[in-house]
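Below is one structure, written out as C-alpha cells; the observations come after it.
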Ligand code: IMP
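In my numbering, the protein residues as written are 7 to 436.
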C-alpha cells in the first residue's frame with residue numbers, strides 16, 4: 007500500500023507522531039528518519055516538548071527546534087501551529103554551535119503566523135496551576151495561556167513580534183486592558199528585557215514558512231512533519247482536560263501548515279514497549295509496584311523538560327489502537343524494547359473492564375469513565391538475553407518477536423522499526 011502511494015505521488019511527506027502520552031523517544035527517530043529528508047517541520051506545541059538526542063554519544067535536548075537540525079544538508083521549519091518562546095529559542099540556537107551546527111535563514115524558516123509565548127503567559131500558566139482544585143500538571147511553559155490568547159484573537163504573532171512597533175503596540179494594548187499584566191511588566195523587567203532582546207536575533211529567520219513548505223512539497227522534496235507531545239494529549243482527541251493545548255495528531259500537521267491531507271503519504275506512530283505519562287489524568291495500566299519502578303529506572307523515565315519522574319505502566323493496546331485509528335497510522339515504531347529485557351512476564355492490555363459498562367474495547371471519550379476502568383491483560387513470557395542492537399526485527403529473541411507481533415496485531419498496524427537504545431544506530435528494521 008505504502009509503496010503504491012509513493013509511486014503515485016511526486017513527493018513523500020511523512021508525519022511522525024507520538025502514539026502515547028508523549029515522551030515516546032521521538033527525537034531520536036526524527037533524527038534517524040530525517041537523514042534522507044530535505045526538510046523537517048515542527049507543527050505544534052512549544053518548549054513544553056523535550057526531544058532527547060545522542061549525537062556522537064553526547065546528550066542534547068531540543069525543546070523547540072526540529073530534531074533534524076543536526077543534518078547540515080537539510081532545512082528546518084516551525085509552522086503556524088507552533089508557539090514560540092523567543093529567548094529560549096535563541097538560547098537553543100546558540101547551544102548548537104559547539105556541535106558544528108550553524109543556522110542561517112536559508113536553513114531555518116520560522117513562521118510569521120506562529121504565536122509567541124510571553125513572560126505573562128508563563129506567569130498565568132503557573133498561577134492557574136497553583137490555584138486549580140484539580141491541576142493539569144502542565145510544564146508551566148505558558149503553552150495553554152498562549153493558545154488561549156490565540157483563540158481569543160488577541161495573541162502576538164511571531165511576524166509582529168519581530169517588528170518593534172507592532173510588538174510594543176501589543177504590549178501597550180495589553181497593559182491598557184489588564185492591570186495584572188501591567189503589574190507583571192513592572193515586577194518582571196528582566197524577563198521582559200530578554201523577551202524584547204530576542205526579537206532582533208529571530209527577525210532574519212521569520213518568513214512565510216507555510217508557502218515555502220508547500221513549495222518544497224510540490225517540487226518533490228522529501229518532507230518530515232514532526233509532532234510533539236503525544237496523540238493522547240491532543241486537545242480534541244486526548245484525555246481532556248488532561249491534555250496539551252494543541253492538535254498533536256497527523257491532522258494537526260495539515261492544519262498548522264495549510265497543507266492538504268492529500269499530500270501526506272506516510273503516518274508513523276512511535277510508541278514505547280510500555281507506557282509513560284507525566285502530569286495528571288487517568289492511566290489504566292499504571293504500575294505502582296516494583297516492576298514499574300524497575301522499568302522507570304532502566305528507562306530513565308524523567309521528563310526532558312521539567313525533570314519530573316514519569317508515571318509508568320504496561321503497554322496499552324486499547325489506547326494505541328485508538329491512536330492508530332484517529333491518525334490512520336501506516337507504520338509503528340516500537341521503541342525502547344531493550345528496557346523490557348530481564349522483565350517478565352510482560353503484560354499488554356487488550357480491553358478494559360468497567361464496573362457498570364462491562365468489557366470496553368475502545369478508549370472512552372469520558373475521562374471519568376476511563377479513570378474507573380481496569381485493564382484486561384494478555385501476558386507474555388519475557389526474555390533475559392540481550393537483544394541485538396542493530397539488524398532486523400526477525401533477529402530478536404522469539405519471546406520478543408511474539409510481543410512485537412501481538413502489539414502489531416492488536417492495533418492492526420505493522421511494526422516497521424524497533425528501538426534498542428538511545429543512539430542513532432540502535433534500531434531494528436522490518
Ligand atoms: P502543557 O503542554 O505544558 O500545557 O501541559 C499539559 C499536559 O501535557 C501535562 O500533562 C504535561 O505533562 C503534558 N505534556 C506537555 N508536554 C509534554 C511532553 O513533551 N511530553 C509529555 N507530556 C507533555
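For glycine and all other residues, C-beta sits at the position ideal for the given N, C-alpha and C.
Next on the checklist: Quick check on residue 53: does DSSP put it in helix, strand or coil?
Outcome noted: Residue 53: coil per DSSP, three-state reduction.
Item to check | Local conformation of residue 289 per DSSP, three classes | outcome: Looking at residue 289 - three-state DSSP - the assignment turns out to be coil, as it is neither helix nor strand.
Next on the checklist: Using CA atoms only, rank isn't needed, just tell me which of 430, 30, 44, 350 is closest to residue 224.
Outcome noted: 44
Checklist entry - Alpha carbon to alpha carbon, what distance is there between residue 357 and residue 380? => result 9 Å
Item to check | Rounded distance between the beta-carbons of residue 385 and residue 412, thought under 8 Å | outcome: Wrong, their Cβ atoms sit about 10 Å apart, outside the cutoff.
Checklist entry - Between the segment 234 to 249 and the segment 191 to 209, do three or more beta carbon pairs fall short of 8 Å? => result No, the segment 234 to 249 is not in contact with the segment 191 to 209.
Checklist entry - Mapping DSSP to helix, strand and coil, what is residue 60? => result strand
Item to check | Euclidean distance between Cα positions of residue 261 and residue 230 | outcome: 15 Å
Checklist entry - So is residue 295 buried or exposed if we call it buried at 16+ other beta carbons inside 10 Å? => result Its Cβ having fewer than 16 others within 10 Å, residue 295 is exposed.
Next on the checklist: If you reduce the DSSP assignment to three classes, tell me which class residue 131 lands in.
Outcome noted: helix
Checklist entry - Once you ignore the five residues that flank residue 201 on each side, which residues in its own chain have a CB closer than 8 Å to its CB? => result 92, 93, 124, 125
Checklist entry - How about the segment 272 to 287 and the segment 19 to 27: do they share at least three Cβ pairs that are nearer than 8 Å? => result yes
Item to check | Nearest neighbour of residue 343, chosen from 392, 102, 314 [CA to CA] | outcome: 392
Checklist entry - Ends of the alpha helix (DSSP H) at residue 220? => result 215 to 224
Next on the checklist: To test your reading of the DSSP string, which unbroken beta strand (DSSP E) runs of 3 or more residues are found completely within the segment 128 to 206?
Outcome noted: none
Item to check | Contacting residues, own chain, Cβ-Cβ under 8 Å from residue 258 (five flanking each side not counted) | outcome: 49, 50, 87, 233, 240, 252
Item to check | Span separating the alpha-carbon of residue 313 from that of residue 324 | outcome: 28 Å
Item to check | Paired residues, beta bridge with residue 355 - DSSP | outcome: 322, 383
Item to check | CA nearest to the CA of residue 346, picked from 406, 333, 79 | outcome: Comparing Cα positions, the closest option is 406.
Checklist entry - Sorry if obvious, but does the Cβ on residue 152 come closer than 7 Å to a heavy atom of ligand 1? => result Relative to ligand 1, even the nearest heavy atom lies 7 Å or more away from the CB of residue 152.
Item to check | For residue 272, three-class secondary structure by DSSP | outcome: strand
Checklist entry - In chain order, what residues of the same chain lie with their CB nearer than 7 Å to the CB of residue 74, ignoring the 5 residues before and after it? => result 36, 37, 40, 43, 46, 80, 82, 230
Next on the checklist: Checking the sheet assignment: what are the DSSP bridge partners for residue 232?
Outcome noted: Partner(s): 22, 48.
Item to check | Per-residue burial, residue 64 [other beta carbons within 10 Å of its own, 16 or more giving buried] | outcome: Burial is judged here by how many other beta carbons sit within 10 angstroms of a residue's own beta carbon; residue 64 has fewer than 16 and is exposed.
Checklist entry - For residue 366, which of helix, strand or coil comes out of DSSP? => result strand
Next on the checklist: Using only the alpha-carbon positions, how far apart do residue 193 and residue 178 sit?
Outcome noted: 16 Å
Item to check | Where the beta strand (DSSP E) through residue 115 begins and ends | outcome: 114 to 117
Next on the checklist: Between residue 311 and ligand 1, is there a pair consisting of the residue's CB and a ligand heavy atom that are separated by less than 7 Å?
Outcome noted: yes
Next on the checklist: Is it buried or exposed, residue 361, if we count other Cβ atoms within 10 angstroms and call 16 or more buried?
Outcome noted: exposed
Checklist entry - Are the beta-carbon atoms belonging to residue 420 and residue 300 less than 8 Å from one another? => result no
Item to check | Buried/exposed call for residue 371, threshold 16 Cβ in 10 Å | outcome: Residue 371 comes out exposed.
Next on the checklist: Tell me the residue span of the alpha helix (DSSP H) that contains residue 314.
Outcome noted: No alpha helix (DSSP H) holds residue 314; DSSP gives it neither H nor E.
Checklist entry - Touching or not, the segment 421 to 433 and the segment 388 to 404, by the rule of three or more beta carbon pairs under 8 Å? => result Judged by pairs of C-beta atoms under 8 Å, the segment 421 to 433 touches the segment 388 to 404, as three or more such pairs exist.
Checklist entry - residue 85 and residue 117: beta carbons closer than 8 Å? => result yes
Item to check | C-alpha distance - residue 404 paired with residue 348, whole-angstrom precision | outcome: Distance between the alpha carbons of residue 404 and residue 348: 14 Å.
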